[in-house]
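Visitor: Chains H and U, in that order, are what the protein sequence lines are. Note that my numbering has the first sequence beginning at 39, numbered continuously upward. Note that my numbering has the second sequence beginning at 9, numbered continuously upward.
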Amino acid sequence: MGDEQEQSVLRFDNVSLSFGDAPALRNVSFEMLAGETRIVFGAAGSGKTVLLKTALGLLKPDAGSVYVFGQEITGLPEEELFAIRSRMGVLFQEGGLFDSLTIEDNVGYPLLNQPWLHCPPDQVQARVEEALRFVELEHTLEKFPSELSGGMRRRVGIARAVVTEPRLVLYDSPTAGLDPITAYTIIALIVKERDVKNTTTLMATHRYQDGHFLANFRYQPAGNRLEPAGRDRAAIRTRFMVLEESRIVFEGTQAELEASNDPYLSKFVRRQE
Amino acid sequence: MLDILKSPILAIQDFCFLAGRTIRNVFRRPHYADDIFLQMDIIGIGSLPIVTLTGFFSGAVLAMQMAKALQQYGAVGQTGQLVAITLVRELGPVLTAVVVAGRNASGIASELGSMKVTEQIDAMRALGTDPVQKLVKPRLVATCAVLPLLTIIADFVGIFGGFLIAYFALNLTPAQYWNNVWQSLEYLDVSFGLAKPFAFAIIIALIGCFFGLSTTGGTQGVGRATTQAVVASMVLVFIVNFFMTRIYVSM
Numbered sequence: 039m040g041d042e043q044e045q046s047v048l049r050f051d052n053v054s055l056s057f058g059d060a061p062a063l064r065n066v067s068f069e070m071l072a073g074e075t076r077i078v079f080g081a082a083g084s085g086k087t088v089l090l091k092t093a094l095g096l097l098k099p100d101a102g103s104v105y106v107f108g109q110e111i112t113g114l115p116e117e118e119l120f121a122i123r124s125r126m127g128v129l130f131q132e133g134g135l136f137d138s139l140t141i142e143d144n145v146g147y148p149l150l151n152q153p154w155l156h157c158p159p160d161q162v163q164a165r166v167e168e169a170l171r172f173v174e175l176e177h178t179l180e181k182f183p184s185e186l187s188g189g190m191r192r193r194v195g196i197a198r199a200v201v202t203e204p205r206l207v208l209y210d211s212p213t214a215g216l217d218p219i220t221a222y223t224i225i226a227l228i229v230k231e232r233d234v235k236n237t238t239t240l241m242a243t244h245r246y247q248d249g250h251f252l253a254n255f256r257y258q259p260a261g262n263r264l265e266p267a268g269r270d271r272a273a274i275r276t277r278f279m280v281l282e283e284s285r286i287v288f289e290g291t292q293a294e295l296e297a298s299n300d301p302y303l304s305k306f307v308r309r310q311e
Numbered sequence: 009m010l011d012i013l014k015s016p017i018l019a020i021q022d023f024c025f026l027a028g029r030t031i032r033n034v035f036r037r038p039h040y041a042d043d044i045f046l047q048m049d050i051i052g053i054g055s056l057p058i059v060t061l062t063g064f065f066s067g068a069v070l071a072m073q074m075a076k077a078l079q080q081y082g083a084v085g086q087t088g089q090l091v092a093i094t095l096v097r098e099l100g101p102v103l104t105a106v107v108v109a110g111r112n113a114s115g116i117a118s119e120l121g122s123m124k125v126t127e128q129i130d131a132m133r134a135l136g137t138d139p140v141q142k143l144v145k146p147r148l149v150a151t152c153a154v155l156p157l158l159t160i161i162a163d164f165v166g167i168f169g170g171f172l173i174a175y176f177a178l179n180l181t182p183a184q185y186w187n188n189v190w191q192s193l194e195y196l197d198v199s200f201g202l203a204k205p206f207a208f209a210i211i212i213a214l215i216g217c218f219f220g221l222s223t224t225g226g227t228q229g230v231g232r233a234t235t236q237a238v239v240a241s242m243v244l245v246f247i248v249n250f251f252m253t254r255i256y257v258s259m
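1) So, ALA214(H) versus VAL207(H), is the Cβ gap smaller than 9 Å?
2) Using the beta-carbon of each residue, which ones in chain U are nearer than 9 Å to PHE50(H)?
3) What do you get for ILE219(H), buried or exposed, if any count of 16 or more other CB atoms within 10 angstroms of its CB means buried?
4) Ignoring anything shorter than 3 residues, give me the beta strand (DSSP E) runs that lie fully in the stretch 103-157 of chain H, in order along the chain.
5) Any idea if THR224(U) is buried or exposed, counting beta-carbon neighbours within 10 angstroms, 16 or more meaning buried?
6) Is it right to say ARG254(U) is buried, meaning 16 or more other beta carbons lie within 10 angstroms of its own, or is it exposed?
7) Find out if the Cβ-Cβ distance for the pair LEU252(H), ARG232(H) is shorter than 9 Å.
8) Among the candidates SER187(H), ASN254(H), GLY261(H), whose CA atom is the shortest distance from the CA of GLY268(H)?
9) What does the Cβ neighbour count give for THR181(U), buried or exposed, with the cut at 16 atoms within 10 Å?
10) Helix, strand or coil: which one does DSSP assign to MET279(H)?
11) Determine, using beta-carbon pairs with one atom in the stretch 54-66 of chain U and one in the stretch 79-90 of chain U, whether at least three such pairs fall under 8 Å.
12) What did DSSP end up calling ALA226(H) once you bin it into helix, strand or coil?
13) Can you tell me which residues form a DSSP beta bridge with ILE50(U)?
14) Counting contacts by CB-CB distance shorter than 9 Å, is MET48(U) in contact with chain H?
15) Measuring only the C-alpha atoms, how far is ARG223(H) from VAL201(H)?
16) Any C-beta of chain H within less than 7 Å: which residues of the stretch 135-168 of chain U qualify?
17) Cα-Cα, which of LEU148(U), ILE161(U), MET252(U) is closest to ILE210(U)?
18) Assuming GLY67(U) contacts LEU95(U) under a Cβ cut-off of 8 Å, what Cβ separation, rounded to an integer in Å, is found between them?
19) What residues in the stretch 130-143 of chain H bring their beta carbon closer than 9 Å to a beta carbon of chain U?
20) At a CB distance below 9 Å, what residues from the stretch 79-96 of chain U approach chain H? Give them in sequence order.
21) Rank THR60(U), PHE250(U), SER241(U), ASN249(U) by C-alpha distance to the C-alpha of GLY115(U) and give the top, closest one.
22) Is it the case that the stretch 199-216 of chain U contacts the stretch 154-164 of chain U, given that we only count it when at least three CB pairs across the two stretches are under 8 Å?
23) What is the DSSP secondary structure of THR213(H), counted as helix, strand or coil?
24) The alpha helix (DSSP H) that contains GLU265(H), what's its start and end?
25) Output the distance between the C-alpha atoms of GLY127(H) and VAL234(H), rounded to the nearest integer angstrom.
26) On the criterion of 16 or more Cβ atoms from any shown chain inside 10 Å, does ARG32(U) qualify as buried, or is it exposed?
27) When the Cα atoms are used, what is the spatial distance from GLN247(H) to VAL173(H)?
28) Compile a chain-ordered list of the residues in the stretch 95-129 of chain U whose CB is closer than 7 Å to at least one CB of chain H.
29) Express the C-alpha separation of THR237(H) and GLN310(H) in angstroms, rounding to a whole number.
30) Give me the chain U residues within the contact set of SER184(H), using Cβ-Cβ distance strictly less than 8 Å, ordered along the chain.
31) Buried or exposed: where does PHE200(U) fall if 16 or more other Cβ atoms within 10 Å of its Cβ makes it buried?
32) What alpha helix (DSSP H) runs, 4 residues minimum, are completely inside the stretch 177-230 of chain U?
33) GLU283(H) to GLU69(H), Cα distance in whole Å?
34) How long is the line joining the alpha carbons of GLY189(H) and PRO301(H), rounded to whole angstroms?
35) How about ALA242(H) and LYS86(H): are their beta carbons less than 9 Å apart?
36) Between LEU71(H) and chain U, is there a C-beta pair that is closer than 9 Å?
Below is the structure:
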């Protein structure tokens, strides 16, 4: 158990990436261990999405290396990346659902299209239903993404991300553009996924509450709700990271972030009453 | 100064990469047969009415114009020959390709472009599918399969349109017209007439996919990609047609 806890799940080593003349990531280095929760704060255009896509190997860095589950992915061909991606889940900013497919087919897509998962075809249906039950949308199987609200699409996106039971899940601004109540539902699902399945979680967001919830709340299966972690707080092992103009300007704990006097950092921090 | 050339050359390079990867993948698994048939339906059956109409009216117009010119030499009886040769060698393949380019290069570019800007292409890659296999290959295979067939239909309907003019307006007998058509066509005409749409199909499908997949900048970008795909594929169809005709006449 101890060994697994210390295993590196995602490591960026001096990664730089630019689009033409515009830098998107500048000398980004960090390491995530198994079981860790990491929150990435940053304003729009600070490089959050690029960071997540680089971690998935969707974007290739100009310099530096990315390691996923201890394996360097920087120079890997697409075919080999598929095998690694099958162990990662991702929720894209707008959900990224295929609008030509039903909800059922969307959620079943990774199971049917990732040969590395070895999912028997007769189990697909059951696993899709289970994943949709997890996000409490089991009644939408036959619907199309365009028939669902923004929050529901995001929940389907979560179901699709976790249906393969990945060890690492990446969330790209899961609450962007949602009302506070729906945003809370989404965050509660992310906490639930983390605590029930014990997944390593990387979440990019611009809302401080989202990070606060992930760092201080735990899922209580008994009441199907979130509760303050209290003394268990240390067990969650949350790290915060702040991106400013493609650079990491802060990395540390919530207490360190709240103690900072830097004007950019304090824009994200809402101290709790 | 050379910076002006940078982006078009980069685009050509990216296009060649995409074309290379697609053609390499044509015989590789997985094949996504459902997607191929779906695209054949959209591109083939979907384009049938407009291709038939275009073919019919160009054939009819050709017959009228040719008969007027031939009258000066007292050779109205040769109308069938001129209509058939013009249609099978040039107008059939080019007009069909232009119509399909307008209809499907735009359709492909806007569909793939919308998928690109809503991160569906990224999601596809993240979930273990190669977009080239899943999206580009079916469109290429389907277009290559249906465009020669559409051209055959356009050729035939066009010659039939010419016949109606010949029969009703020029008072030629059916035997006169059809014999004339049949004897004027050679194997080389027919094989070039079918090689052309095959080449045009590759252009239409790959250009549509290329502009779709390289869309940036939201919904406005989708509109731009669609326009560029139609313009580029039509221009390329005409240029490639010129060179293929050049090869034909030197044979």
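Idealized CB from N, CA, C, for every residue including glycine.
Guide: From the atom records:
1) no
2) Simply none; closest approach about 18 Å.
3) exposed
4) 126-129
5) exposed
6) exposed
7) yes
8) ASN254(H)
9) exposed
10) strand
11) no
12) helix
13) In DSSP, ILE50(U) forms no bridge with anything.
14) no
15) Per the sequence shown, the amino acid found at residue 223(H) is Thr instead of Arg. Rounded to the nearest angstrom, the two C-alpha atoms are 18 Å apart.
16) LEU135, GLY136, THR137, ASP138
17) LEU148(U)
18) 6 Å
19) PHE130, GLN131, GLU132, GLY133, GLY134, LEU135, PHE136, ASP137, SER138
20) none
21) SER241(U)
22) yes
23) coil
24) It is not in any alpha helix (DSSP H) - GLU265(H) instead sits in the beta strand (DSSP E) that spans 263-266.
25) 15 Å
26) exposed
27) 21 Å
28) THR126, GLU127, GLN128
29) Residue placement at GLN310(H) is poorly supported in this model, since its pLDDT is 42, which falls under 50; the coordinates still yield a value, given next. GLN310(H) and THR237(H): Cα-Cα distance of roughly 27 Å.
30) Neighbours of SER184(H) on chain U: none; closest Cβ ~11 Å, over 8 Å.
31) buried
32) 182-192, 195-221
33) 20 Å
34) 32 Å
35) yes
36) no
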